[in-house]
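What follows is one structure encoded as structure tokens, with my remarks underneath.
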Amino acid sequence: MIPWAIFAAAWLPGVHAAPALEQARSPSQAQVQAPATELTREQVAQTLTAAVTQIAAQYVDPVDTRALSVRGLRGLAALSTPAFPDGAPGLTRAIQAEEAAADIPAQTEILTEAVMRFPLAGGRAAALDALLRAMMAGLGPYSRLAVPAELVPPPASVGLELSMTQGQLTVVRPLPGGPGERAGIKPGDVIESIDGRASKDLPLPEAVSALRGEVGTSPTLFIKRAGVATPLIVRPVRGPVQPPPSLVWDLNGATAVIRIGAFDRSTAESLRAALKGAAMRADAPLAGVVLDLRGNAGGLLDVAEDVGGMLLKRGVRIATLRGRNEANARKLIARQPNITAGLPMVVLVDGQTGAGAEIVTAALQDHGRALVIGRPTAGAGTIQTVLPLPEGRGALIVTSARVYRANGARLEGTGVTPDLLLDPATRQLTVRPDIAPDFNTAVQKQVAEAVTTAPPGTDPTLSAALAAITAAAPR
């Protein structure tokens, strides 16, 4: 029996039950050019008809288009405008008419009329955006309106790696040598506004889009920094920024440590090259693999399937997608040759691990192929489809399917609970309760000791993983 088989059995005596991947259906550049003139009635009607029809056809749950349209009308209430001279009563009458509308054509006609009551000089475009955003807000946390700049982004950025943490746009790190670093932006800084627009609860892709622009331009950022009483005003100069690679790797003794930040088109081949390179560089045969998926929010679904397939036995199920539309339902199967050759494997996760990274982690856990260490994942187990809007008005990002693990459990809202739960701040290590009675106490003790004795400034979660790999070595 290979050492890993003993190791896996000690950790995982059986199969244990425990937002945003996007389908690669993006509009072309021609489809997302911003409209040059004020919106006409025909354009508004065309956009709204496309929106309501596509949502009704693609959203993961049945949609009451009447309620959807009413929600859109309510979104107009926040706009300061003379479009409804009698104020709330006028909007209420429109809502009452919408509630009585029998079908999508009648519903979109009322919506169109409401938008057309707004003045020119951008009023209609603002009203249409507000209406669409209000519609999407009721379809879960990952369905939203994408503005044109997100789909064909401007060429320059400020070079920041960002996360949305408890509704706050937070700097994970400025890219080395990038505009943000040169402007003095630091990890942990909270960007409160971008060019006067509040960033709180803004969808992360939209915040990233707002930071992009033409080379040489400067957004005005209000930044809150820990220990500084007043907000800082920072104006980084946008420039071309080389995005960090999706995968980096290193050797720790004979253990390959592979960090995947996102699943993009290069990830699967980079993983293959990383394992090959690690095996060639190591002084001895590889002892194991640490797959670090902390902070990995997902990426391309097909790539997540490929990566999972490279780490599992060919033919096993990785996950299942279930949606109302048959085009959005499918089984993810391991189709790639297994490149790890039975090496012991540890996966590292945290609260920012989501979507495709959760799919891969859950599959490795369900099949007893890896020990999972860290904090519970995001629970972003849904699939989003990009649905272009006409007239260059951007696109709708619509949740079109839910992800179910290989063991049948739903990922959405639950995520993946690590086998060894580790709080890096307190260094407290606990075994997942449902496997605790059967967990190998010697392994637990060895990992716990590595965590508590890790020197200050080191990564205790990585220390735990390396200790776990050592525990898997044949005696």
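Its first residue numbered 1476, the sequence shown is counted upward by one per residue in the numbering used here. Quick reminder that beta carbons are idealized off the backbone N, C-alpha and C, glycines included.
Open item on the list: Quick check on the burial criterion: 16 or more other C-beta atoms within 10 angstroms. Buried or exposed for Gln1533?
Closed with: buried
Task: Inter-residue Cα distance where the pair is Arg1993 and Val1847 - done: Residue 1993 lies beyond the range of the chain shown here (1476 to 1950); nothing can be said about it.
Task: Exposure of Asp1841, with buried meaning 16 or more beta-carbon neighbours within 10 Å - done: buried
Task: Spatial neighbours of Val1590 in its chain, beta-carbon cut-off 7 Å, leaving aside the 5 residues before and after - done: Val1519, Arg1599, Ala1602, Leu1603, Leu1606
Open item on the list: Since Gly1634 and Pro1654 should fall inside the 8 Å C-beta cutoff, what is the C-beta to C-beta distance between them, to a whole number of angstroms?
Closed with: 5 Å
Open item on the list: Can you list, in chain order, the residues of its chain with a C-beta nearer than 7 Å to that of Ser1632? Leave out the 5 residues immediately preceding and following it.
Closed with: Leu1686, Arg1687, Arg1713, Val1716
Task: As assigned by DSSP and simplified to three states, the class of Ile1708 - done: strand
TODO: Have a look at Pro1502 and Ala1525 and give me their C-alpha separation to the nearest angstrom.
DONE: Because Pro1502 sits at a pLDDT of 39, beneath the cut-off of 50, its placement in the model cannot be relied upon, and the following sentence gives the value as read from the coordinates. In a straight line, the C-alpha of Pro1502 is about 14 Å away from that of Ala1525.
Task: Three-way DSSP call (helix, strand, coil) for Ala1731 in this model - done: strand
Task: Neighbourhood of Leu1787 by C-beta distance below 8 Å, restricted to the same chain and skipping five residues each side - done: Ile1793, Ala1809, Asn1813, Ala1838, Leu1839, His1842, Arg1844
- [ ] Could you check the C-alpha separation between Arg1710 and Ile1669 for me, to the nearest Å?
- [x] 10 Å
Task: Under the three-state DSSP convention, the category Val1716 falls into - done: coil
Task: Own chain partners of Arg1541 with C-beta closer than 8 Å, once the 5 adjacent residues on each side are dropped - done: Glu1573, Glu1574, Ala1576, Gln1582
Task: Touch test, the segment 1715-1733 against the segment 1757-1765, Cβ-Cβ under 8 Å, three pairs minimum - done: yes
- [ ] Return yes when the Cβ of Gly1849 is within less than 7 Å of the Cβ of Thr1936, no when it is not.
- [x] yes
Task: Whole beta strand (DSSP E) elements within the segment 1864-1890, 3-residue minimum - done: 1870-1880
Open item on the list: Measuring straight from C-alpha to C-alpha, what distance separates Gln1521 and Val1683?
Closed with: 28 Å
Open item on the list: Is the separation between the beta-carbon of Val1873 and that of Gly1856 shorter than 7 Å?
Closed with: no
Task: Buried or exposed (CB count within 10 angstroms, at least 16 for buried), Ile1660 - done: buried
- [ ] List the endpoints of the continuous alpha helix (DSSP H) containing Pro1649.
- [x] Where Pro1649 is concerned, there is no enclosing alpha helix (DSSP H), although the beta strand (DSSP E) it sits in stretches over 1643-1649.
- [ ] Please classify Ala1762: does DSSP put it in a helix, a strand, or coil?
- [x] coil
Open item on the list: Need the endpoints of the beta strand (DSSP E) that Thr1795 sits in, please.
Closed with: 1792-1797
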